[in-house]
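Below: one structure, written as structure tokens.
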Amino acid sequence: MPFEPPKREPRAAPDDPVAQLMQPFAGVMGVARKVAGTLVEKGAELWSDPSKAVELANQGSALTAELAKLATMGQDSPTRFKGKPGTAKRVAWADPIPLDEVKTVGRALGASINDVLLSCVAGALASYLRDKGDDTDGVTLRALVPVNLRPMERAYKLGNQFGLVFLELPIGMENPVARLYAVRENMRSLRGSYQPVLALGILAAMGAGPKLLQDTLLTILARNASAVMTNVPGPQQPLWLAGARIDGLMFWVPQSGDIGVGVSIISYDGKVQFGLITDKGFCPDPARVIERFGGEFEKLVLTALMCPWGHSGDLDPERAARTVGVA
-8 MPFEPPKREP RAAPDDPVAQ LMQPFAGVMG VARKVAGTLV EKGAELWSDP SKAVELANQG
52 SALTAELAKL ATMGQDSPTR FKGKPGTAKR VAWADPIPLD EVKTVGRALG ASINDVLLSC
112 VAGALASYLR DKGDDTDGVT LRALVPVNLR PMERAYKLGN QFGLVFLELP IGMENPVARL
172 YAVRENMRSL RGSYQPVLAL GILAAMGAGP KLLQDTLLTI LARNASAVMT NVPGPQQPLW
232 LAGARIDGLM FWVPQSGDIG VGVSIISYDG KVQFGLITDK GFCPDPARVI ERFGGEFEKL
292 VLTALMCPWG HSGDLDPERA ARTVGVA
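Sequential numbering from -8 applies to the sequence shown in my numbering.
Written as structure tokens, this is what we have:
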């Protein structure tokens, strides 16, 4: 009996750009089919436990809403931190501040450590823009913030596994207390969000897809943000290298696409430090931004010190600012 080769489905030519563009999504569609099959098999279970069906429906609705939000997100504000970056970069970093002070301020004002630090970053960026003569009234600046999605039991494995969220920094608010509470609310709205998971899927598609897909997705991400910002919790005890004590640590956030600003926050040995890397064309003097960070933090320290004894709950931003003279 003569040998007959197995029949194969016709494949698009390797140089077919449409086929190249759609190839990364083939695996996603396969997973979707498996999920659909699993749902059919689990149909009886869902009927017997209606709460599971409701939970699944709610998750699907939330995921769809987040996807629509990302797809319809407008471009970030056209500040001097936005544009086409070049190759020359500038870096600067601030003197470290005691982490316990940040915690104390946060507790006094009803905010987290991240809320306090990001509010100070927003204030420093805003002050720099106003010093350059730019109008910041009502302006927000959007930053991409990496979110770790790797479970603790897999923390030892190599490679990155993170998503991204878009955080709006209210740089148009000069009142430091109002700005702190606005940052806090923006952070709270992102907790439990599906944005990191969706972003992880986008990053996976970028890594597996052709350059055309990578460039398209990078453009979409970059046009909606002006900066990449991350806070890394470092070791809270001193480290030593070759018999010498390490006084401080700093890192620089990588930028992709047309994003030319990276904000680094790292805690080490009971202190927290703020660093900034900028594109020379956007901000040739990042030290001018850095020097404002401490001042913004001191405003919140003064506000916390002036809080009524036994105070709980949010302060009135206008009254608090007038009391300490930072309105």
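Just so you know, even glycine gets a beta-carbon here, dropped at the ideal spot from N, CA and C. Keep in mind it's a predicted model, so treat the numbers as computed, not measured.
Query	Result
Cβ neighbours of Gly272 in the same chain (closer than 6 Å, five flanking residues each side left out)	Gly77
Closest residue to Trp84 among Cys298, Met164 and Gly266 (Cα-Cα distance)	Gly266
Beta-carbon contacts of Met241 that lie in its chain and below 6 Å, excluding the five residues immediately before and after	Trp84 and Gly266
Contact check, Val96 vs Leu291, beta carbons under 7 Å	yes
Alpha-carbon to alpha-carbon, Val168 and Asn222	21 Å
Extent of the continuous beta strand (DSSP E) run through Ala134	Leu132 to Asn139
Gly154 classed as buried or exposed, judged by whether at least 16 other C-beta atoms fall within 10 angstroms	buried
Collapsed DSSP secondary structure at Met220 in the structure displayed	strand
Closest Cα partner of Ala79 within the set Pro277, Leu171 and Tyr172	Pro277
Straight-line gap, Cys274 to Pro142 (C-alpha atoms, nearest Å)	37 Å
Neighbourhood of Ser68 by C-beta, 7 Å cutoff - its chain only, sequence neighbours within 5 removed	Val130, Thr131 and Leu132
Within 7 Å, strictly: CB atoms of Leu160 and Ala113	yes
Length of the line joining the Cα atoms of Arg170 and Gly234	44 Å
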